[in-house]
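In the order they appear, the protein sequences are chains G and Z. First residue of the first sequence: 1066, per this note's numbering; consecutive thereafter. First residue of the second sequence: 11, per this note's numbering; consecutive thereafter. Worksheet for the structure shown next.
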Amino acid sequence: MTLTDLANPTRFLTLTARLLPWLAASTAVLLLIGLYQSAVAPDDYQQGATVKIMFIHVPNAWLSMFVWGVMSLAALGTLVWRHPLADVAAKAAAPIGAAFTFLALVTGSLWGRPMWGTYWEWDARLTSVLILFLMYLGLIALWRAVEDPSRAARAAAILTLVGAINLPIIKFSVDWWNTLHQPASVMRIGGPSLDRAFLIPLLVMALAFSLLFLTLHLAAMRNEILRRRVRALQMMQASRRSA
Amino acid sequence: MSLGPYASFILTSYALATVVVLFLIAWIAIDYRRQKERLRELDASGIVRRSGRSAMDIR
C-alpha cells in the first residue's frame, strides 16, 4: 500500500482496523514500563520526589506542540494538495492536542507550586502555552460552529497555520526572555543535561504518550470519516424524501 | 517509595493525567459506537452509498 492509497478513506479505514489493536497494546505496555520506571526513579537532590511530575509534564508539553505541528502539516494538505484526509486528520487531532496542552499546563502548575512557590506566573513560556491551549479551543469551536465540513476546513487550515507561529515562540521563550521556567534540558545543543536515571524514564514516557497520541488520533480520524459518511447518507435520504 | 512532603502534588498530577487519558479513550469509543449506530439506522432504512455498498460496510 502506497501513501497515495491512503487518500482513499475506505482504504484508510481498512488499515486503521488492522493497526489499532497493535498500537493500543504497544501503548499500554510502554505506559506500564514508563510508569514503573517513573515510580522507582531516584529523588532529585534539589527537587526531591517532585521530579516525578516531570515524567508526565514534559511528554504532554512536547505533544502539545507536536500535535499542532501535525495539524499544521494537515492544514497544508488541505490548502495546497486538497488531500481528502487532511482536514479529517486536523479536526481529529485538535481535541487530543487540547487535552495534552491542558495536562501540560495543570501538571506544570502542580510542579511549580512546591518548586517556585506559585501555581502560575505570567512569564513567556507559561503564557505562550496558555495561548496554544486557547487556540486549540478556538479551532474546536470553529469546526463545531460550521456544519459543512468542507466550508470549515479552509478557515480552520488558515487559522492553524497562523497559530503555528506560536510554536517557535514556545520553544525559544526560555532563551529569548527571562522566565521562571527552566531552559531546555533534553532537546538542546550539546545533548541532554539530565542524568540517565531521569532521562530514560522520561524518554520511555514520551514514547508511550506519542504512541497514545497515534492510537487516539487514528481512532478519532476513523470516527470523523464515519461521521462524514453519516452526513452524506442523511443528505441523500433527505433529498429522496423531498423528491 | 516515599513521596515526601509534596506527595499530594505528585499524586494529583498522575491522577489528573489518568482521568484525562481515560476520558479521551471513552469519548472516542462512545463516538465510534454512535457513528456505527447511525450507519446501522441508515442501512436499515435502505440508504446505500453512491458506490452501491452498504452504509454499514465501514472497511
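We treat Cβ as the ideally placed atom computed from N, Cα and C, and that holds for glycine.
Residues that DSSP places opposite residue i in a beta bridge
i: residue 1113 of chain G; result: G:1109
C-beta atoms of residue i and residue j nearer than 8 Å
i: residue 1115 of chain G; j: residue 1179 of chain G; result: yes
i: residue 1144 of chain G; j: residue 1083 of chain G; result: no
i: residue 1280 of chain G; j: residue 1128 of chain G; result: no
i: residue 1133 of chain G; j: residue 1273 of chain G; result: no
i: residue 1107 of chain G; j: residue 1271 of chain G; result: no
i: residue 1221 of chain G; j: residue 1204 of chain G; result: yes
i: residue 1284 of chain G; j: residue 38 of chain Z; result: yes
i: residue 1175 of chain G; j: residue 33 of chain Z; result: no
i: residue 1224 of chain G; j: residue 1195 of chain G; result: no
i: residue 1197 of chain G; j: residue 45 of chain Z; result: no
i: residue 1168 of chain G; j: residue 30 of chain Z; result: yes
i: residue 1182 of chain G; j: residue 14 of chain Z; result: no
i: residue 49 of chain Z; j: residue 1306 of chain G; result: no
Cβ neighbours of residue i in the same chain (closer than 8 Å, five flanking residues each side left out)
i: residue 1296 of chain G; result: 1214
i: residue 1193 of chain G; result: 1231, 1234, 1235 and 1238
i: residue 1157 of chain G; result: 1282, 1285, 1286, 1288 and 1289
i: residue 21 of chain Z; result: 13
Cβ-based neighbour list, residue i, same chain, cut-off 7 Å, excluding 5 preceding and 5 following
i: residue 1226 of chain G; result: 1137 and 1140
i: residue 1269 of chain G; result: 1095, 1098, 1099 and 1102
i: residue 1287 of chain G; result: 1078 and 1081
i: residue 1201 of chain G; result: 1159, 1162, 1163 and 1166
i: residue 1278 of chain G; result: 1128, 1132 and 1161
i: residue 1258 of chain G; result: 1250
Residue range of the unbroken alpha helix (DSSP H) whose run includes residue i
i: residue 1299 of chain G; result: 1261-1307
i: residue 1193 of chain G; result: 1189-1210
i: residue 1231 of chain G; result: 1231-1241
i: residue 1171 of chain G; result: 1151-1181
i: residue 1125 of chain G; result: 1119-1141
i: residue 1216 of chain G; result: 1214-1228
Close-in-space but distant-in-sequence residues of the same chain around residue i (CB under 6 Å, 5 per side omitted)
i: residue 1172 of chain G; result: 1118, 1121 and 1122
i: residue 1248 of chain G; result: 1239
i: residue 1186 of chain G; result: 1245
i: residue 1126 of chain G; result: 1169
Is there contact here, the stretch 1203-1214 of chain G with the stretch 1260-1267 of chain G, by at least three beta-carbon pairs under 8 Å? Note that the stretch 1203-1214 of chain G does not touch the stretch 1260-1267 of chain G; fewer than 3 beta-carbon pairs, one per stretch, sit closer than 8 Å.
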